[in-house]
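Every letter in the sequence shown is one number past the one before it in full-length UniProt numbering, and letter 256, counting from 1, is 256. The C-beta atom is built at its ideal place from N, Cα and C for all residues, glycine as well.
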Amino acid sequence: MNVDGTHTNHTGLTTRKPLPTRGRSAAAARSPGSGYLGDIRRFSILEKELEYRLAKRWREDGDRKAADQIVTSHLRLAAKIAMNYRGYGLPISEIISEGNVGLMQAINRFEPERGFRFATYAIWWIRASIQDYILRSWSLVKIGTTASQKKLFFKLRSAKAKIAALENAELRPDQVRLLATSLGVKDQDVVDMNRRLSGDASLNAAVHDEGNSGEWQDYLVDESPSPEAVLAGHDEMTHRQEALVRAIGILNDRERRIFEARHLVDEPKTLEDLAVEFKVSRERVRQIEVRAFEKVQIAAKKSVNERRVRARLHA
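And the structure:
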């Protein structure tokens, strides 16, 4: 991509600058328009071993060409996911661009040594970036601010389609009850959200994209659970963060300092920096980091599991 980074960030052995997620260079940062989908087909999917080597070169050596090759090989993935979000009255080109932003956020955080393929890791970031864009584009007055309201925003239209309810019509009482039960919300929440969505004229705007025609409301978001879980699961994420904080509390001062300096800051400390700070070898710092990470992982997992058990008991 030959993009210019703006911040210094540690990668394990050396320092590198993260790819700017809002840059305007190369295919990943260009504005998707006419012929874009055809253009990105020329980027081939990487073999697992090649992807791993490129990811290591980016993470350890700051090789931007390696990062660029990984990102461009996944542009079709971002576009495919973006196409599932054509039902919100927003330009598909902008939705794809936001998916590409998610790709670049993912490559800056990808750790190949954990054994996952980049696509598996990037899907979450692509969906999160697109959904954040949709929420920012729709006013909070229309959507609401709670996790349940955001969940309802993304799920109501597809749920209405299942029961053959008219898109911009008032719901019958029996339809309201059915939708509220299936979505796990109050009847009034369904009525309110239906009126908010029905009142937005842009959903009836004509669309002509890649040979398709009709109205925006004809396109429904993919019903796969993962995109919805990203937004509907905000409460779960909050509980996980709280579990992480409690888990960190079991570490001694040195373990906590090293763990936080290596994992919880925007510009992580290098092993060398921490070795100087604690007057030990780099290898010793690495050992302490690994031990602290394992402690936190075990404690956090235990806390999350205990919460789930309590939730089942009170269900």
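When Cβ pairs closer than 8 Å are counted between the two stretches, the region 121-139 is seen to touch the region 77-93, the count reaching three or more. If the five residues before and after L271 are omitted, its C-beta is found closer than 7 Å to the C-beta atoms of R282, V285 and R286, all from its own chain and listed in chain order.
Going by DSSP, N252 is part of no alpha helix (DSSP H) at all; its letter is neither H nor E. By the C-beta density criterion, V245 is exposed, having fewer than 16 other C-beta atoms within 10 angstroms. In the structure shown, the three-state DSSP call for P91 is coil.
Look at the beta carbons and you see the region 88-99 not touching the region 45-59: under three pairs across the two are nearer than 8 Å. In the DSSP assignment, R76 falls within the alpha helix (DSSP H) that extends over L75 to M83. According to the DSSP assignment, L178 belongs to the alpha helix (DSSP H) that extends over P173 to L183. A direct Cα-Cα distance of roughly 36 Å separates G62 from L90. Take A247, set aside five residues on each side of it, and the residues of its chain with a beta-carbon closer than 6 Å to its own are V296, A299 and A300, in chain order. Exclusion of the five residues before and after R109 leaves no residue of its chain whose Cβ lies closer than 6 Å to its Cβ. The three-state secondary structure of T120, taken from DSSP, is helix. With 16 or more other Cβ atoms from the protein chains shown falling within 10 Å of its own Cβ, A67 counts as buried. Between the alpha carbons of W58 and K65 lies a distance of about 8 Å. The continuous alpha helix (DSSP H) containing D61 extends over residues K48 to D61. Residue range R64 to T72 is occupied by the alpha helix (DSSP H) that includes I70. When secondary structure is reduced to three states using DSSP, I126 falls in the helix class.
In terms of Cβ geometry, F259 and E289 form a close pair [threshold 8 Å]. Rounded to whole angstroms, the separation of the alpha carbons of S73 and V191 is 44 Å. Distance from the CA atom of F116 to the CA atom of K56, rounded to whole angstroms, is 13 Å. One Cα belongs to V276, the other to E111, and the distance between them is close to 25 Å. Ranked by how close their Cα comes to the Cα of I107, the residues G87, Y88 and V71 have V71 in first place. Put simply, of E60, S93, Y52 and Y88 the residue whose alpha carbon is nearest the alpha carbon of Y36 is S93. Shown here, E260 sits in a helix according to DSSP, grouped into three states.
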